[in-house]
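For the sequence shown, counting from 1, position 98 maps to 100 in my numbering; every step adds exactly one. Reading through the C-alpha cells given below for one structure.
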Amino acid sequence: MRCVSIDLDGTLLNSQQEISKENMLTLIELQEKGYDIILNTGRAYADIIKLKALQNIKAAIFCLNGSVLYSKERELLYETTIPIVAYKEIFSVLKKLGVWVLVYTNYGGLPSTLPPLHNKSNAELNTLFQEYDYDEILMKKNLKIYKLIALVQNEQLEKIETVKKELGTRVDSAMASSFPNNVEITSNEAQKGRALLRYQQIMNLSFDEIFAFGDGGNDLTQFEVATTSIAMGNAPLYIQQKADLVTKTNDEDGFAYAVRHLLQLLKQEARSL
C-alpha cells in the first residue's frame, strides 16, 4: 500500500487558499488508483472541512500537526493535548515576549484560528489580540488545549527565534513553524511524522511507500519518515534542502507537477472534472 501525505497551506492550497483544478484532478486520480491519501496539516478540523473541494476526497485527516487524527470515515482515532500546567507556563512566556497568541482548543481556536487572519491588517490583528480576554479560556468546562501559535508581524521575525529559545529551555513540547512569522507549539506526541507512524499502527496498516509533500518547518518530521519527500518551490531553502525532490510552487500546481512528472505516479492522460 502506498500513501500520499499532503500539507495544505502553501502546498496543496495556492495563495488564494484554493485547490486548483489540476491539483484536484490529481487527487481524484490518486484516489482511483488506490493510493491512501492523508491530509497532514497544522489546520484545525473545522478549517479543513470548510474546503468544499475536499469533500469528495476520501482521506484521513491529521489536524493540528498530528494532535488529532481522523479516519477516512471522520472517526476520531487519537488526540493528544498540552497539559493545563504546561499551557499556563507557555502562555506566560509568550505574553512576556509580546507576541500574538492563538490557542487551539476543543472549543475552537481562540480568539481565532490562523486561516481567517491571512487578509487582516496589522492594525486589525492588534485590536483582535489586545481586546481578547485570555482568562476566559481557563474557565471553560472540560477544556482541552491542542496547540498554541505564537505569531508576529513580518517586520519582527527576530522574535520568533527568541520564542523558540525561551521555550526550548523551559517547556517540554514540540515546536515548529508553518510560516516564517510563527511558532506552533504542541505536545511532543503531536508531530506530522509521528502521526503517520501512529496511523499505521492504529489502522493495522503498513505503507510500502510514503510520499510526503510540504513547505514548512512543521513538515520536516513527515519528511523524516517518508520514503520520498517533496518540498514545494515556495518553501524556504532550508526546507528544500531537507527534501528528496523540489517541485514547482503552490501557485504553479506544484503538487500535481510532482505527482505526474517528478514521481510519475500517474499516467499522462487528459481528464476533466
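Quick reminder that beta carbons are idealized off the backbone N, C-alpha and C, glycines included.
Delimiting residues of the beta strand (DSSP E) encompassing GLY216
211–216
DSSP puts TYR277 in a beta bridge; with which residues?
The question about residue 277 has no answer, for the chain in this structure spans 3 to 275.
In whole angstroms, give me the CA-to-CA distance for ASN144 and THR83.
12 Å
Tell whether a beta-carbon distance below 9 Å holds between ILE187 and ILE241.
no
Could you tell me if SER175 is buried or exposed, where buried requires 16 or more neighbouring beta carbons within 10 angstroms of its beta carbon?
buried
Measure from the alpha carbon of GLY256 to the alpha carbon of each residue in LEU127, VAL103, THR171 and LYS23, then state which is nearest.
LYS23
Could you check the C-alpha separation between ALA245 and ILE86 for me, to the nearest Å?
35 Å
Where in the region 22–96 do unbroken runs of the beta strand (DSSP E), each at least 3 residues long, occur, reported from the N-terminal end onward?
38–42, 62–65, 70–72 and 78–81
Measuring straight from C-alpha to C-alpha, what distance separates VAL70 and GLU81?
4 Å
Does DSSP put ALA237 in a helix, in a strand, or in coil?
coil
Taking the beta strand (DSSP E) that ASN184 belongs to, which residues open and close that run?
184–188
Using only the alpha-carbon positions, how far apart do LEU112 and TRP102 sit?
11 Å
For ALA272, is the classification buried or exposed, using 16 other Cβ atoms within 10 angstroms of its Cβ as the cut-off for buried?
Confidence at ALA272 is low in this model, with a pLDDT of 45, below 50, so the placement of that residue should be treated as unreliable; the coordinate-derived value is given next. It counts as exposed.
How would you label ALA125, buried or exposed, when you count the other beta carbons within 10 angstroms and need 16 or more for buried?
exposed
Alpha-carbon to alpha-carbon, ASP137 and LEU267:
50 Å
Less than 9 Å between the C-beta atoms of ASP221 and LYS194, yes or no?
yes
Distance between VAL6 and LYS35 (C-alpha atoms, nearest Å)
12 Å
Beta-carbon contacts of LYS74 that lie in its chain and below 8 Å, excluding the five residues immediately before and after
LYS60, ALA61 and ALA62
Between which two residues does the alpha helix (DSSP H) holding MET205 run?
194–205
Where GLU20 falls: helix, strand or coil (DSSP):
coil
Under the assumption that TYR106 contacts LEU53 (Cβ atoms under 8 Å), give the Cβ distance between them as a whole number of angstroms.
Actually they do not touch by this definition, with Cβ atoms about 18 Å apart.
Separation of ILE30 from ILE39, as counted between CA atoms
10 Å
Okay, do the region 201–218 and the region 226–233 touch, 3+ Cβ pairs below 8 Å being the bar?
yes
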